[in-house]
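**Q** Here it is: the structure, laid out below.
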Amino acid sequence: MISVDEARALVSRLIEPLEAVETHLDACLGKVLAEPIVADAFYPAGDRSMMDGYVIRNDETPGEFQISEVIQAGMVPQLPLEKGQAARIFTGALIPANGDRVIMQECAEKVDSMVKITEFPEKDFIRRKGGEASPGQELLAPGMLLGPTELAILAQVGAATPKVIRQPIVRHLATGNEIVAPQETPAAGQIRDTNSSLLAALFQQLGIEEFHTTRCSDDLERMIELASEPADLLLISGGAGAGDFDFGAETLRRLGFTIHFDRVNLRPGKPLTFATKGRQAAFILPGNPVSHFVCFHSVVKFAAERFCGRAGHRGFVDIELTDADALKPDPRETYWPAEVTIVEGRLQVSPKNWSSSGDTFSLSGTNALVRVNQHNPANGVAQTLLLDLPGIA
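Counting along the sequence shown from 1, when you hit position 61 you're at 61 in the UniProt record's numbering, and nothing is skipped either side.
Have a look at this one:
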């Protein structure tokens, strides 16, 4: 049996990011850049006004000026500024030749074709050519996670189809003779399938679009058939134990996978199993939904992020604990479902009333996991893993 940290280290060593693919800009949100992005020109391309007003020369003094032309954004100035002239200019417009300073319109008084300027502010209010970027300057580095601001930069430099790391195809088998679809009424001995909905939503939060799930009875040959479908990441819900109908490990062996671990010092989720076959990876998750939730956030998510080229596990944050008595000790390291809130400007974490690994209802409002072991919590502070879930308010 290995620790969670050892499990993540093994996953990190055995899983490599997928290949780079050209992707349309509109589909790049949440993906990882696979190439450097450089400026294709000077930014700004020329000296531009930072506000609406009047542009004048530096050798002028306060007084009245002849308005030489009106320059809007998108126009090319037609006339160089002569002594005694001012050009009417608007935000983002190019500065005419000989123009050195923009006087904001609040400091000027226009009368017919003349403008009276009584004072010159110290600031020139001009964005200088190349002041933000020069041709060939690297703006975004490979490995960067693309968010809304990065997409704006890609658009500005004309990188309409950048190379990004391909996201994995995830295939999920929900196994068990007892599970039925959520819309069905369970008969005696049956339960509704919660794990498929849980995992689909968790991968959707990661931005992974190709998630395919199939329900399967405890039938080894059928499991092998379904698990043979193309996938970068294979997940098997249930079948992680050593019972007569736990076929997860045998399915992977028959398909040529190498099993690297089948027990983790983790509560809930001890029977978590990890295997690889070439660049393909597989996990067998213990069947209960709380185990799924904990296994996903402690290890499986890390594997998915490795495929995507992301940095992965962000580590724990020390947060004030509100109810240490709710954390029941166990020989295994426990990842306890909890809720983080902001109280009077401080983060606080409150453990959920979690009764068993099958207690789906206890997960409501969970946005964190508290790490419970012989060293933690201590002195009213808990090592807390913040999850990518709404709810911190």
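Where a beta carbon is used, it is the ideal one built from N, C-alpha and C, also for glycine.
So tyrosine 335 and serine 298 are in contact, right, with Cβ under 8 Å, and what is the actual spacing, rounded?
**A** As a first step, residue 335 is located in the sequence shown; it is residue number 335 there, counting from the start. As a first step, residue 298 is located in the sequence shown; it is residue number 298 there, counting from the start. Sure, about 6 Å apart at Cβ, within 8 Å.
**Q** Check leucine 369 in the structure and name its three-state DSSP category.
**A** As a first step, residue 369 must be located in the sequence shown, where it is residue number 369. Strand, per DSSP.
**Q** According to DSSP, simplified to helix, strand and coil, what is isoleucine 89?
**A** The residue labelled residue 89 in the question sits at position 89 within the sequence shown. In this structure, isoleucine 89 counts as strand in the three-state DSSP scheme.
**Q** When burial is assigned at 16 or more other CB atoms within 10 Å of the CB, is alanine 368 buried or exposed?
**A** Working through the sequence shown from its first residue, we reach residue 368 at position 368. That one is buried.
**Q** List the endpoints of the continuous alpha helix (DSSP H) containing glutamine 78.
**A** Within the sequence shown, numbered from 1, the residue matching residue 78 stands at position 78. Neither: glutamine 78 is in no alpha helix (DSSP H) and is coded neither H nor E.
**Q** I'd like the list of long-range same chain contacts for alanine 393, defined as Cβ closer than 6 Å, with 5 residues on each side in sequence excluded.
**A** Mapped onto the sequence shown, residue 393 falls at position 393. Low per-residue confidence applies at alanine 393: pLDDT is 49, beneath 50, and the placement is therefore not dependable enough to give any value.
**Q** Keeping to the same chain, check which residues put their C-beta closer than 8 Å to that of glutamate 119; ignore five residues upstream and five downstream.
**A** Looking up residue 119 in the sequence shown gives position 119. Excluding residues within five positions, the ones whose Cβ falls inside 8 Å are Pro62, Cys107.
**Q** By DSSP, does glutamate 229 sit in helix, in strand, or in coil?
**A** Counting from one through the sequence shown, the residue named residue 229 turns up at place 229. In the structure shown, glutamate 229 sits in coil (DSSP, three-state: anything other than H, G, I, E or B).
**Q** Find the nearest neighbour of isoleucine 89 within the set Leu173, Pro77, Asn98, Lys83, judged by alpha-carbon distance.
**A** The residue you call residue 89 lines up with position 89 of the sequence shown. When only C-alpha atoms are compared, the closest one is Pro77.
**Q** Have a look at alanine 382 and glycine 315 and give me their C-alpha separation to the nearest angstrom.
**A** Locating residue 382 in the sequence shown gives position 382, where the first residue counts as 1. Locating residue 315 in the sequence shown gives position 315, where the first residue counts as 1. Roughly 13 Å separates the two Cα atoms.
**Q** If you check the beta carbons only, do glutamate 109 and lysine 116 fall under 7 Å apart?
**A** By 1-based counting over the sequence shown, the position of residue 109 is 109. By 1-based counting over the sequence shown, the position of residue 116 is 116. Yes, they are a contact pair.
**Q** Please state the DSSP three-state secondary structure of arginine 306.
**A** As a first step, residue 306 must be located in the sequence shown, where it is residue number 306. Residue state, collapsed to three classes: helix.
**Q** Looking only at DSSP bridge pairs, what is histidine 172 linked to?
**A** Numbered from its first residue, the sequence shown carries residue 172 at position 172. Answer is Thr213, Leu235, bridged to histidine 172.
**Q** Is the number of C-beta pairs between the segment 14 to 23 and the segment 158 to 167 that are closer than 8 Å three or more?
**A** They touch, by the three-pair rule.
**Q** What are the start and end residues of the beta strand (DSSP E) that includes alanine 34?
**A** In the sequence shown, residue 34 corresponds to position 34, counting from 1. Unbroken run through alanine 34: none, as it is neither H nor E.
**Q** Quick check: what's the CA-CA separation for isoleucine 95 versus alanine 86?
**A** Numbered from 1 along the sequence shown, position 95 holds the residue referred to as residue 95. Numbered from 1 along the sequence shown, position 86 holds the residue referred to as residue 86. Rounded to whole angstroms, isoleucine 95 to alanine 86 spans 11 Å at the Cα level.
**Q** In terms of residues, what are the limits of the alpha helix (DSSP H) holding glutamine 204?
**A** As a first step, residue 204 must be located in the sequence shown, where it is residue number 204. Run containing glutamine 204: 195 to 205, per the alpha helix (DSSP H) assignment.
**Q** Under a Cβ-count criterion, where at least 16 other Cβ atoms within 10 Å of its own Cβ denotes burial, should leucine 29 be classed as buried or exposed?
**A** The count along the sequence shown starts at 1 and reaches residue 29 at position 29. Burial call: exposed.
**Q** Output the distance between the C-alpha atoms of leucine 386 and valine 294, rounded to the nearest integer angstrom.
**A** Counting from 1 along the sequence shown, the entry for residue 386 is found at position 386. Counting from 1 along the sequence shown, the entry for residue 294 is found at position 294. Cα-Cα distance, rounded: 12 Å.
**Q** What would DSSP say about leucine 140, mapped onto helix, strand or coil?
**A** Within the sequence shown, the letter at position 140 stands for residue 140. Here leucine 140 sits in strand by DSSP.
**Q** Let me make sure I understand the geometry here. Which of Pro17, Glu333, Ala39, Ala282 has the alpha-carbon closest to that of leucine 139?
**A** Stepping through the sequence shown from its first residue, residue 139 is reached at position 139. Leucine 139 has its Cα closest to that of Ala39, out of Pro17, Glu333, Ala39, Ala282.
**Q** Excluding the 5 residues preceding and the 5 following leucine 81 in the sequence, name in chain order all residues of the same chain whose CB lies nearer than 8 Å to its CB.
**A** Taking the first residue of the sequence shown as 1, we reach residue 81 at position 81. Closer than 8 Å at the Cβ level, and outside the excluded window around leucine 81, lie Val55, Ile56, Arg57, Ser68, Ala87, Pro96, Ala97, Asn98, Gly99.
**Q** Do alanine 281 and alanine 303 have their C-beta atoms within less than 7 Å of each other?
**A** Here residue 281 corresponds to residue number 281 of the sequence shown, with the count starting at 1. Here residue 303 corresponds to residue number 303 of the sequence shown, with the count starting at 1. Closer than 7 Å, so yes.
**Q** Could you pull the DSSP bridge partners for lysine 116 from this structure?
**A** Along the sequence shown, read from residue 1 onward, the residue named residue 116 stands at position 116. Note: lysine 116 sits in a beta bridge opposite Glu64, Glu109.
**Q** Kindly identify the DSSP beta-bridge partner or partners of isoleucine 192.
**A** Position 192 of the sequence shown, counted from the start, is the residue given in the question as residue 192. Per the sequence shown, the amino acid found at residue 192 is arginine instead of isoleucine. In the DSSP output, where bridge partners are listed per residue, arginine 192 has Val180.
**Q** Using only the alpha-carbon positions, how far apart do lysine 270 and glutamate 344 sit?
**A** By one-based count along the sequence shown, residue 270 stands at place 270. By one-based count along the sequence shown, residue 344 stands at place 344. If you take the alpha carbons of lysine 270 and glutamate 344, they lie about 38 Å apart.
**Q** In the DSSP assignment, find the beta strand (DSSP E) that holds alanine 281 and state where it starts and stops.
**A** Residue mapping note: residue 281 aligns to position 281 of the sequence shown, counting from 1. Here the beta strand (DSSP E) through alanine 281 covers 280 to 285.
**Q** Can you tell me where the beta strand (DSSP E) with threonine 341 in it begins and where it stops?
**A** Locating residue 341 in the sequence shown gives position 341, where the first residue counts as 1. Taken as a continuous stretch (DSSP letters only), the beta strand (DSSP E) holding threonine 341 covers 334 to 343.
**Q** Tell me which same chain residues have a C-beta within less than 8 Å of the C-beta of proline 36, skipping the five on either side of it?
**A** Numbered from its first residue, the sequence shown carries residue 36 at position 36. For proline 36, where only same-chain residues beyond five positions count, the Cβ hits under 8 Å are Glu138, Leu140, Ala141, Pro142.
**Q** According to DSSP, which residues form a beta bridge with isoleucine 103?
**A** Reading the sequence shown from its first residue, position 103 is the one you call residue 103. Partner(s): Tyr54.
**Q** By the three-class DSSP mapping on this structure, what secondary structure does phenylalanine 361 have?
**A** Counted from its first residue, the sequence shown places residue 361 at position 361. Reduced to three states, the DSSP call for phenylalanine 361 is helix.
**Q** Taking 8 Å as the limit between beta carbons, can you name the residues of its chain near proline 377, skipping five residues before and five after?
**A** Translated into positions along the sequence shown, residue 377 becomes position 377. Correct list, in chain order: Leu321, Ala324, Leu327, Val370, Gln383.
**Q** Just to confirm, is the Cβ distance from aspartate 218 to asparagine 177 under 7 Å?
**A** Within the sequence shown, the letter at position 218 stands for residue 218. Within the sequence shown, the letter at position 177 stands for residue 177. For aspartate 218 and asparagine 177, yes; Cβs fall inside 7 Å.
**Q** Which residues does DSSP list as the beta-bridge partners of alanine 378?
**A** What you label residue 378 is simply residue 378 of the sequence shown in a count that begins at 1. Val381, per the DSSP bridge assignment.
**Q** Would you say isoleucine 224 and arginine 254 are within 7 Å of each other, going by their C-beta atoms?
**A** Here residue 224 refers to the residue found at position 224 when the sequence shown is read from its first residue. Here residue 254 refers to the residue found at position 254 when the sequence shown is read from its first residue. Yes, Cβ-Cβ distance for isoleucine 224 and arginine 254 is below 7 Å.
**Q** Which whole-angstrom value is the C-beta distance of threonine 213 and alanine 174, which I expect to be below 8 Å?
**A** Residue numbering aside, residue 213 sits at position 213 when the sequence shown is read from its first letter. Residue numbering aside, residue 174 sits at position 174 when the sequence shown is read from its first letter. Their Cβ separation, rounded to whole angstroms, is 6 Å, which keeps threonine 213 and alanine 174 in contact under 8 Å.
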